[in-house]
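K.L.:
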Amino acid sequence: MFDTALSANDLIFLAKGAGMTIFVTLIAVFFGTVLGIVFGIFRYQVGPVIAAPLTFVLDVFRSIPLLIQLVLANAFLGMVLRLGLSGLTVACIVLTLYTSAYCAEIVRGAIESVPQPVRRAARSLGLSWRQDMTNIVLPLAIRVGLPSWIGLSLGVMKDSALVYVVQVTELLKSTQILITRLQEPLLLLMICGAFYFLISFPVARLGGYLEKRWTHD
Amino acid sequence: MIEIQNVRKSFGALEVLKGIDLTVQNGEVLTIIGGSGSGKSTLLTCINGLEPIDSGRILVDGTEVHARSTDLNELRQKIGIVFQQWNAFPHLTVLENVMLAPRKVKGMSKPEAEAMAVKQLEHVGLGDKLSVYPSRLSGGQQQRMAIARALAMSPKYMLFDEVTSALDPMLVGEVLDTLRLLASEGMTMICVTHEMKFAREVSDRVAFFHQGVMAEIAPPAELFGAPKSPDLQKFLAATA
Chain A
1 MFDTALSAND LIFLAKGAGM TIFVTLIAVF FGTVLGIVFG IFRYQVGPVI
51 AAPLTFVLDV FRSIPLLIQL VLANAFLGMV LRLGLSGLTV ACIVLTLYTS
101 AYCAEIVRGA IESVPQPVRR AARSLGLSWR QDMTNIVLPL AIRVGLPSWI
151 GLSLGVMKDS ALVYVVQVTE LLKSTQILIT RLQEPLLLLM ICGAFYFLIS
201 FPVARLGGYL EKRWTHD
Chain B
1001 MIEIQNVRKS FGALEVLKGI DLTVQNGEVL TIIGGSGSGK STLLTCINGL
1051 EPIDSGRILV DGTEVHARST DLNELRQKIG IVFQQWNAFP HLTVLENVML
1101 APRKVKGMSK PEAEAMAVKQ LEHVGLGDKL SVYPSRLSGG QQQRMAIARA
1151 LAMSPKYMLF DEVTSALDPM LVGEVLDTLR LLASEGMTMI CVTHEMKFAR
1201 EVSDRVAFFH QGVMAEIAPP AELFGAPKSP DLQKFLAATA
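Protein chains in written order, with the working numbering: chain A, 1 to 217; chain B, 1001 to 1240.
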């Protein structure tokens, strides 16, 4: 069954799907992190009251299932605003906002973990707010936030499987297409899982390596 | 010259400074003594603008600290402060802790900042700990590093907020020597302390704070020898 059913072309097809998963994830994690840092710093800086509207919007992105967000966003952007965006664009936008909502929480928590007195000491030496942020808060907060951020990135990578609902053929969708044709669900899902593992493993290891490197105790 | 004029400061309903008037001349060493909650530490953090004040004025070399137009980051370069808790930057080595502000704030070159940092760290007896991370240092060593960190900015004024409180007795003498050296170099210093012996030894004048008021100020011999107010008499009896 193995050699008759699964051809090299099928594996290339899966690899293309994996490529799409990586592409969507990279876009979402990159822009989601940039936005998340901006949102997180804003929320920390202005306090809960002024940040309330932003907090609410981010909570919406965190609490509504991604599948629903994708379908609704696709319908809204396509049918109401008539922007004529491709499914891939819609997927990237939604996943980016979804990522940014989680990332903002990680950033806010990580900044809060930096002890106030240490920041006072920095400011008392004449460092500006920006210099304190870049030289003291950022390096310390990254150490705290990194494990959560790695977890978020891996989660987004797996959640990106849902973008099939806006007609983006990523790894899982590619696998399903092959399953329909070849009727070998277990084997194909194993291969698909192996692809996901191959993508995740280096990221997880990189996180472990950085954590180790940044520990001075 | 540091001029403190009728400074008031409240935390919520609690008024911690009830109209402080105090002038510290250049080259003077002033120590502030008093019980917990007397407002002495708060006054220090107001002098370099870390805390806002409710009313009154604080002038450092004629610049009003809490005026809107004052560039605090620039002003703070000439006011070093060392806290009771040393607040090391845990992700930087001892050398990097001391080099950071000269590099970033003063824009010194790396070799220049490093030379300054090494000099100041040797000054406080940490010349052999340059590449160590603060977590490897004892509390006393971290405090000395914090002093070196402040000195590396070549401040004109140094504020010490109970810096010897967390040091073991072996190290207090060493820190005192450092402070004496600073005084002899013409450093203007305000030291908040619970160490009466220290206050007696290093200061030109000693101020006694009680419940947000500067109850008494005099040269140490006079203040310790002939305390006028009953509160000070009680305080000295309790701490003796």
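We treat Cβ as the ideally placed atom computed from N, Cα and C, and that holds for glycine.
Measure from the C-beta of V118/A to each C-beta in chain B and report whether the shortest distance is under 8 angstroms.
P.N.:
Here residue 118/A is taken as the residue at index 118 of the first sequence, counted from 1. Yes, V118/A lies at the interface with chain B (some Cβ there is under 8 angstroms from its Cβ).
K.L.:
Does the separation of the CB atoms of E1003/B and T1031/B fall below 8 angstroms?
P.N.:
As a first step, residue 1003/B is located in the second sequence; it is residue number 3 there, counting from the start. As a first step, residue 1031/B is located in the second sequence; it is residue number 31 there, counting from the start. No. Outside cutoff.
K.L.:
Grab the span of the beta strand (DSSP E) containing D1253/B for me, first residue to last.
P.N.:
With chain B represented from 1001 up to 1240, any question about residue 1253/B goes unanswered, as that position is not in the structure.
K.L.:
Assuming contact is defined by CB atoms lying nearer than 8 angstroms, are L1167/B and G1140/B in contact in what I supplied?
P.N.:
Within the second sequence, the letter at position 167 stands for residue 1167/B. Within the second sequence, the letter at position 140 stands for residue 1140/B. Going by C-beta atoms, L1167/B is nearer than 8 angstroms to G1140/B.
K.L.:
Terminal residues of the continuous beta strand (DSSP E) containing A1218/B?
P.N.:
Residue 1218/B sits at position 218 when you count from the first residue of the second sequence. A1218/B -> beta strand (DSSP E) spans V1213 to A1218.
K.L.:
Here's the rule: buried if 16 or more other CB atoms are within 10 angstroms of the residue's CB, otherwise exposed. What is Q1085/B?
P.N.:
Residue 1085/B sits at position 85 when you count from the first residue of the second sequence. Looking at its Cβ environment, which holds 16 or more other Cβ atoms inside 10 Å, Q1085/B is buried.
K.L.:
Show which residues of chain B have a CB atom less than 9 angstroms away from the CB atom of G84/A.
P.N.:
Within the first sequence, numbered from 1, the residue matching residue 84/A stands at position 84. The premise fails here: G84/A is roughly 48 angstroms from chain B at the closest Cβ pair, so nothing lies under 9 angstroms.
K.L.:
Who are the near neighbours of T948/B in its chain, counting only those whose CB is closer than 8 angstroms to its CB and skipping five residues on each side?
P.N.:
Chain B is shown only over 1001 to 1240; residue 948/B falls outside these bounds and no answer can be derived.
K.L.:
Assign V972/B to buried or exposed, taking buried as 16 or more other Cβ atoms, counted over all protein chains shown, within 10 Å of its Cβ.
P.N.:
Residue coverage of chain B in this structure runs from 1001 to 1240, which leaves residue 972/B outside it and unanswerable.
K.L.:
Just to confirm my understanding: we take V165/A, look at its own chain, exclude 5 residues before and 5 after, and list those with CB closer than 8 angstroms. What are they?
P.N.:
Locating residue 165/A in the first sequence gives position 165, counting from the first residue. Cβ within range, chain order: L67, L70, V71 and N74.
K.L.:
Taking only three categories from DSSP, how would you classify I1020/B?
P.N.:
Here the question's residue 1020/B lines up with position 20 in the second sequence. I1020/B: strand per DSSP, three-state reduction.
K.L.:
Just to confirm, is the Cβ distance from I27/A to C103/A under 8 angstroms?
P.N.:
Stepping through the first sequence from its first residue, residue 27/A is reached at position 27. Stepping through the first sequence from its first residue, residue 103/A is reached at position 103. Against a cut-off of 8 angstroms, the Cβ pair of C103/A and I27/A comes out as no contact.
K.L.:
Mind checking F30/A: buried by the 16 CB within 10 Å criterion, or exposed?
P.N.:
Counting from 1 along the first sequence, the entry for residue 30/A is found at position 30. Its Cβ having fewer than 16 others within 10 Å, F30/A is exposed.
K.L.:
Are Y1133/B and I1079/B touching if we call contact CB-CB under 8 angstroms?
P.N.:
On the second sequence, residue 1133/B is found 133 positions in, with the first residue counted as 1. On the second sequence, residue 1079/B is found 79 positions in, with the first residue counted as 1. It is not a contact, given that the beta carbons lie outside the stated cut-off.
K.L.:
Can you find a CB in chain A that lies within less than 8 angstroms of the CB of R1068/B?
P.N.:
Indexing the second sequence from 1 puts residue 1068/B at position 68. Taking Cβ atoms only, chain A never reaches closer than 8 angstroms to R1068/B, which makes this a no.
K.L.:
Taking a Cβ distance cut-off of 8 angstroms, strictly less, list which residues of the segment 123-149 of chain A are near chain B, in chain order.
P.N.:
Result list: R123, S124, L125, G126, L127, S128, Q131, N135, I136, P139, L140 and R143.
K.L.:
Does K1228/B pass the burial test, meaning 16 or more other C-beta atoms within 10 Å, or should it be called exposed?
P.N.:
As a working note, residue 1228/B is residue 228 in the second sequence. K1228/B should be labelled exposed.
K.L.:
With DSSP as the reference, label K158/A as helix, strand or coil.
P.N.:
Looking up residue 158/A in the first sequence gives position 158. Reduced to three states, the DSSP call for K158/A is helix.
K.L.:
Which residues, in order along the segment 84-114 of chain A, keep a beta-carbon less than 8 angstroms from a beta-carbon of chain B?
P.N.:
Going along the segment 84-114 of chain A in chain order, one finds no residue with a Cβ nearer than 8 angstroms to chain B.
K.L.:
With DSSP run on the structure shown, which of helix, strand or coil describes L83/A?
P.N.:
Position 83 of the first sequence, counting from 1, holds the residue named residue 83/A. Of the three classes helix, strand and coil, the one that applies to L83/A here is coil, per DSSP.
K.L.:
Kindly indicate which three-state DSSP category M1/A falls into: helix, strand or coil?
P.N.:
Along the first sequence, one-based indexing puts residue 1/A at 1. In this predicted model, M1/A has a pLDDT of only 45, less than 50, meaning its place in the structure is not dependable; the value taken from the coordinates is given anyway. Coil at M1/A, not helix or strand.
K.L.:
Looking at chain A, which residues of the segment 1099-1118 of chain B have a Cβ within less than 7 angstroms of any of its Cβ atoms?
P.N.:
Within the segment 1099-1118 of chain B, the residues whose Cβ lies closer than 7 angstroms to some Cβ of chain A are L1100, A1101, K1104 and V1105, listed in chain order.
K.L.:
Please state whether the Cβ-Cβ distance between I1020/B and L1044/B is less than 8 angstroms.
P.N.:
Within the second sequence, the letter at position 20 stands for residue 1020/B. Within the second sequence, the letter at position 44 stands for residue 1044/B. Going by C-beta atoms, I1020/B is not nearer than 8 angstroms to L1044/B.
K.L.:
Can you pull the DSSP bridge partners for S148/A?
P.N.:
Counting from 1 along the first sequence, the entry for residue 148/A is found at position 148. According to DSSP, S148/A bridges with nothing at all.
K.L.:
Do we get a CB-CB distance below 8 angstroms when we pair L1050/B with the residues of chain A?
P.N.:
Reading the second sequence from its first residue, position 50 is the one you call residue 1050/B. Chain A contact via Cβ: present.
K.L.:
When we look at the beta-carbon of K1009/B and count the other beta-carbons within 10 Å, is it buried (16 or more) or exposed?
P.N.:
Walking along the second sequence from the start, residue 1009/B turns up at place 9. Result: buried.
K.L.:
According to DSSP, is M1189/B helix, strand or coil?
P.N.:
Locating residue 1189/B in the second sequence gives position 189, counting from the first residue. If DSSP states are grouped into helix, strand and coil, M1189/B belongs with the strands.
K.L.:
Can you pull the chain B residues whose beta carbon is under 9 angstroms from the beta carbon of A161/A, in chain order?
P.N.:
As a working mapping, residue 161/A is identified with position 161 in the first sequence. Those do not exist, as A161/A stays about 37 angstroms from chain B at its closest Cβ, beyond 9 angstroms.
K.L.:
Report the CB separation of F1241/B from L1232/B in whole angstroms; it is logged as a contact under 8 angstroms.
P.N.:
Absent from the model: residue 1241/B. The displayed extent of chain B is 1001 to 1240, so no value can be given.
K.L.:
With R1103/B as the anchor, note down where its alpha helix (DSSP H) starts and where it stops.
P.N.:
Locating residue 1103/B in the second sequence gives position 103, counting from the first residue. It spans V1094 to K1104 - the alpha helix (DSSP H) in which R1103/B sits, taken as one unbroken run.
K.L.:
Counting Cβ pairs, one atom from each stretch, are 3 or more of them under 8 angstroms apart for the segment 124-131 of chain A and the segment 191-200 of chain A?
P.N.:
Flag = no, the segment 124-131 of chain A and the segment 191-200 of chain A do not touch.
K.L.:
Once DSSP output is grouped into helix, strand and coil, what is the label at A121/A?
P.N.:
Sequence index remark: in the first sequence, residue 121/A carries index 121 (1-based). Three-state DSSP puts A121/A in a helix.
K.L.:
Compute the distance between the beta-carbons of R1149/B and N1097/B, then report whether it is under 8 angstroms.
P.N.:
For the purposes of this step, residue 1149/B is identified with residue 149 of the second sequence, where counting begins at 1. For the purposes of this step, residue 1097/B is identified with residue 97 of the second sequence, where counting begins at 1. Yes, Cβ-Cβ distance for R1149/B and N1097/B is below 8 angstroms.
K.L.:
Run the CB neighbour count on K1197/B, radius 10 Å, all protein chains shown included, and call it buried at 16 or more, exposed below.
P.N.:
Position 197 of the second sequence holds residue 1197/B. Exposed is the call here.
K.L.:
Under 8 angstroms: do the segment 177-184 of chain A and the segment 103-121 of chain A share three or more Cβ pairs, one atom per stretch?
P.N.:
They do not touch, by the three-pair rule.
K.L.:
Let me make sure I understand the geometry here. Which of A15/A, V168/A and S100/A has the alpha-carbon closest to that of G32/A?
P.N.:
Here the question's residue 32/A lines up with position 32 in the first sequence. The shortest Cα separation from G32/A among A15/A, V168/A and S100/A belongs to S100/A.
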